[in-house]
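> In the UniProt record's numbering, the protein residues as written are 1 to 274.
Just so you know, even glycine gets a beta-carbon here, dropped at the ideal spot from N, CA and C.
(1) Give me, in chain order, the residues of the same chain whose beta-carbon lies closer than 8 Å to that of residue 163; leave out the 5 immediate sequence neighbours on both sides.
(2) Any heavy atom of the ligand SAM inside 7 Å of the beta-carbon of residue 91?
(3) If we call anything under 8 Å between Cβ atoms a contact, is residue 229 one with residue 261?
(4) Reducing DSSP to helix, strand and coil, say where residue 84 ends up.
(5) Taking contact to mean 3 or more Cβ pairs, one atom from each stretch, closer than 8 Å, check whether the segment 194-206 and the segment 236-243 are in contact.
(6) For the candidate residues 127, 128, 130, 91, whose alpha-carbon lies nearest to that of residue 275?
(7) With a threshold of 8 Å, are at least 3 pairs of Cβ atoms found where one atom belongs to the segment 249-256 and the other to the segment 169-181?
(8) Do you know offhand how far residue 129's Cα is from residue 123's?
(9) Considering only the alpha carbon of each residue, which of 221, 210, 83 lies closest to residue 125?
(10) Alpha carbon to alpha carbon, how far is residue 80 from residue 34? Give it in angstroms, no decimals.
(11) Assuming contact is defined by CB atoms lying nearer than 8 Å, are residue 183 and residue 269 in contact in what I supplied?
(12) Who does residue 216 pair with in a DSSP beta bridge?
(13) Within the same chain, show all residues whose beta-carbon is closer than 7 Å to that of residue 259, passing over the 5 residues directly before and after it, in chain order.
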């Protein structure tokens, strides 16, 4: 069957079933597939030089872990984002406590942990939430790591309390002597300087140091504040540990009389000199 369409003197014959044979009033029909086509994800581009994007990339990496990943991926994630930040927090706290910057070591350690541990707790919470399988061995390892770090902090704190002043100042002076060409195996005439607000306190300290074999020189210090300068001299090999111990002793001695210890100096002793 076919139909004819006449336009002027031209006659068109349209076969039945073709698109032209449909009524003009019939609406368009769209065929919808039963299953939707998969959406293509935007290609991932890592941009480490972009400060904002690198943080976003790190967050995506942290949140992408699941129990379906391979074991080595889970272990690597656990070390990088759970154990790594925890160890870094404690090393950072110990580094600050070693230099102290005038703070108490316990305040330093607590402050560093308060700054970093909240971030670590987020990482650990993601780990617990995303990895569904029971990880008793990892939990045991985490507990042991916490106990070990707390024990290390306790030992370091005991050591920090036993040494009132850091020894790096004396060690730095000894290194300056070495760079100046001084022979550190020979005895040097070292002068230690102590200051006291009263003559009676200075004479009391002079008597104590004289009994220990130090050479003593006592004089009124120059300057606007009335005080007394006590110079204690001794020939000794400039050993940083011994100088640090003397620094601690002189500091306690001066503090008992309201004074202050002001360090030491010596002349360069070259090899062959006596």
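Reading off the structure:
(1) Since pLDDT at residue 163 reaches only 48, below the 50 mark, its modelled position is unreliable, and the value read off the structure follows with that caveat. 244, 248.
(2) With respect to the ligand SAM, the structure offers nothing, as it holds no ligand at all.
(3) no
(4) helix
(5) no
(6) Only positions 1 to 274 of the chain appear in this structure, which leaves residue 275 out of reach.
(7) no
(8) 10 Å
(9) 83
(10) 44 Å
(11) yes
(12) 232
(13) 194, 195, 196, 197, 201
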